[in-house]
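Step one of this worksheet: look at the structure below.
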Amino acid sequence: MKPISEFISDIIFFKVPFTEVPAVLVMLAVTALFLSVYFRFINLRAFGLALRTVRGRYSTKDDPGRISHFQALATALSGTVGLGNIAGVALAIGIGGPGAVLWMIVMGFLGMTSKFVECTLGVKYRKVGADGAVQGGGMFYLRDGLKEKGLGGLGMILAVIFAVACIGGALGAGNMFQINQAHAQVSETFNIFQDENSAWMFGALVAVLVGAVIIGGIVWIARVTEFLVPIMCAIYIAACVIVLITHAGDVPGALGTIVKEAFAPSAAAGGAAGGFIVALIQGIRRGVFSNEAGVGSAAIAHSAVKTRKPASEGVVALLEPFVDTVVVCTMTALVIVVTGMWKVNADVAGDSVTLRKGPDSNALELVDYNRGQMLKVQEKWQRVTSVASGKAGWIVAGSVSELEDEKGVHAAGEDGAVIRVAPGSKEEVEKLGEGGKVTVETERPSGEDGKGNSRVVVWAKVSNPETGESGWVRLKDLTERGGTSGGIWLTSQAFKGVIGWFPMVLAVAVFLFAFSTMITWSYYGEQALGFLTGGNRAVALGYKVLFCLCVVIGSAASLGNILNLSDALFFAMVIPNLIGLYILLPVVKRELQKFREHAAEIDGKNSVGE
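Per the working numbering, the very first residue in the sequence shown carries number 58; after that it's consecutive.
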């Protein structure tokens, strides 16, 4: 699996020459800017029109489709408002500093136009059956839209690539990753489902809930998300507002910091590593990743809407990045900035490390600034030397609740943490008595524990370059994918500093976000599979069963390479989708004009959205 995932990832995340910027990111950002200019910033001009449309002002009872404008918006939002809004923002600030927030907001605004274009096309080229069933999305407008332009062969190739990638993204990023992180947060916060058997049980319970919803198709999914999305957003935003109210005096300064750090990052934001380019890249990355604008996935949900005017749903869809990125992500960012969870930097063991200092505990983010992203390794080896005997060896270091002598040799660290020697280490260390000390060398040797895991010490000494203070802190290793749980942890500490039980509220929000994302992405994958198989019902049922099984597996399994492959497939949707958007722009422009005329007639005005 690893060679395959790395091969596909290298293709999809190809770096722009002489930079460390993935080309797919540049494509999404440039396209969002171009489309905004092409449509004369409809993302801003048509905001009022979008609000009137989502309330049903321009709809009629006999419009073809399955769900209302609001239900379509809620369904699509449930697929994008998720863990990235909580954890991803924290990681973006950790790497790029608060300045990344400004560029994230800019990308949110520009992404509104990308959503408008792809969702207009999703409705334009959808298929409505005699029984009212709807099939739509990127694969349909790529196949049928390009066929209209005399590019049927190219359109079919792009559509198949899009559909296959969508299925992979649905099972991984839209399913196993979501349940994996939800379980981690729930188990840690409430101290339940903590052993391996309980983790499987948690997955099974959630799988039953997911299955109960997705068996009813888009109508049931829409009904659940119509109810769930407003509630989960309200819970999370209310929690953020309470934090901001308690830090009301710091909010103006936080806003000023965000703007200042976007153009002139300070040393506290990471110095050279948190410079303008890094802040820009991280802001764009989070803005794109959080709302999926340009990926084409949301067009699948929006294509089921009841309407005769495709552009009506495109206009509604532009609200999606606004809610997801401009509102929810910005609230997370403000909470992290006003609580001061971003300020301290230090170097440890040759890595650039950021210490997040919370009210009750500390955490470290290991950041590989050479690549501008979180380290992918989960653990590393470290060499320790007994202060008493001088003997040394390679160990797995960390806090453990019990001394399991049959599984390894243990020693007490300088800070009182227990350090154990893992089975299969290169040489054993003499067991030290209670209170014994070891010194930890800063070099990073190569080596594995027999399971393919490299190792990292859990405790390290850090210093604050601003104050000169130093001390031993617990290392909270974060990875670009698995480290999202660490991003959640960081946000949780910001909440905990205000009210001790706030992490429980956050855990509930995380679970709701993950659950809503799973049920929406199940539908995306089902529609993509239906495109490839001609809508075979037996295949669709088998897919739903597989999706629920993946929920169970994802709750307890180590997902590393699977998620790397899933991420690559998720963003593989971008390339065919953007090609289709550029070719079909004239179609979108005509549909927009038709809807404007229709809306103007109903409003009794000469122009709308100007």
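Note that CB positions come from ideal geometry on N, CA and C, so glycine has one too.
Predicted model, so just to flag it, every value in this text is computed and none were measured.
Taking Cβ positions, are residue i and residue j nearer each other than 8 Å?
i           : j           : result
residue 565 : residue 334 : no
residue 220 : residue 196 : yes
residue 375 : residue 103 : yes
residue 236 : residue 625 : no
residue 186 : residue 358 : no
residue 263 : residue 608 : yes
residue 341 : residue 633 : no
residue 111 : residue 126 : yes
residue 613 : residue 253 : yes
residue 611 : residue 232 : yes
residue 271 : residue 278 : yes
residue 120 : residue 365 : yes
residue 297 : residue 142 : no
residue 167 : residue 637 : no
residue 183 : residue 276 : no
residue 635 : residue 84  : yes
residue 627 : residue 86  : no
residue 382 : residue 347 : yes
residue 268 : residue 605 : yes
residue 101 : residue 289 : no
residue 240 : residue 256 : yes
Confirm the yes/no value for this check: CB of residue i, any heavy atom of the ligand COA, distance under 7 Å.
i           : result
residue 100 : Judged by which ligands are present, the structure shown has none, so any question about the ligand COA falls away.
Report all residues from its chain with a CB closer than 6 Å to the CB of residue i; omit the five preceding and five following residues, and keep chain order.
i           : result
residue 352 : 630, 631
residue 299 : none
residue 307 : 395
residue 649 : 368
residue 71  : 80
residue 371 : 173, 176, 177
residue 555 : 300, 303
For the alpha helix (DSSP H) holding residue i, just list the boundary residues, first then last.
i           : result
residue 277 : 274–303
residue 87  : 80–95
residue 120 : Neither: residue 120 is in no alpha helix (DSSP H) and is coded neither H nor E.
residue 309 : 308–320
residue 251 : Note, residue 251: premise wrong, no alpha helix (DSSP H); not H, not E.
residue 223 : 209–228
residue 206 : Run containing residue 206: none; DSSP gives neither H nor E here.
residue 334 : 333–348
residue 578 : 559–590
residue 109 : 104–111
residue 639 : 631–640
residue 177 : 156–181
residue 396 : First-last for residue 396: undefined, no H or E at that position.
residue 127 : 126–137
residue 369 : 367–374
residue 599 : 594–613
residue 143 : That residue, residue 143, is in no alpha helix (DSSP H); it is neither H nor E in DSSP.
residue 355 : 355–359
Can you round the beta-carbon distance between residue i and residue j to whole angstroms, since I take them to be within the 8 Å contact cut?
i           : j           : result
residue 181 : residue 644 : 6 Å
residue 336 : residue 355 : Between residue 355 and residue 336 the Cβ distance is about 27 Å, and since that is not below 8 Å, they are no contact.
residue 207 : residue 178 : Actually they are not in contact, since the Cβ atoms of residue 207 and residue 178 sit about 17 Å apart, beyond 8 Å.
residue 623 : residue 225 : 6 Å
residue 161 : residue 343 : 5 Å
residue 164 : residue 384 : Not confirmed; about 14 Å, so no contact.
residue 373 : residue 89  : Between residue 89 and residue 373 the Cβ distance is about 18 Å, and since that is not below 8 Å, they are no contact.
residue 548 : residue 216 : Rounded, the Cβ-Cβ distance is 38 Å, inconsistent with contact.
residue 76  : residue 560 : Contact flag wrong, Cβ pair sits at about 38 Å.
Beta-carbon within less than 8 Å of residue i's beta-carbon, same chain only, minus the 5 sequence neighbours each way: which residues are those?
i           : result
residue 282 : 128, 131, 132, 134, 135, 573, 576, 577
In chain order, what residues of the same chain have a beta carbon less than 7 Å from the beta carbon of residue i, not counting five sequence neighbours either side?
i           : result
residue 417 : Low per-residue confidence applies at residue 417: pLDDT is 28, beneath 50, and the placement is therefore not dependable, though the value from the model is reported in the following sentence. 553.
residue 600 : 582, 583, 586
residue 244 : 250, 251
residue 647 : none
residue 73  : 80, 83
residue 378 : 165, 168, 169, 172, 348, 350
residue 78  : 72, 338
residue 113 : 125, 126
residue 209 : 203
Exercise for the section: Could you tell me whether the stretch 148–157 touches the stretch 310–321, using the rule of 3 or more Cβ pairs below 8 Å? Expected result: Taking 8 Å as the limit for Cβ pairs, the verdict is that the stretch 310–321 does touch the stretch 148–157.
Practice task
Inspect the CB distances between the stretch 386–399 and the stretch 305–312 and report whether three or more fall short of 8 Å.
Solution key: Contact annotation: the stretch 386–399 touches the stretch 305–312, with at least three C-beta pairs closer than 8 Å.
Problem - Contact the stretch 160–178 vs the stretch 91–100: 3+ CB pairs below 8 Å - result: Contact between the stretch 160–178 and the stretch 91–100 is present, because at least three Cβ pairs lie under 8 Å.
Practice task
Inspect the CB distances between the stretch 188–208 and the stretch 578–594 and report whether three or more fall short of 8 Å.
Solution key: yes
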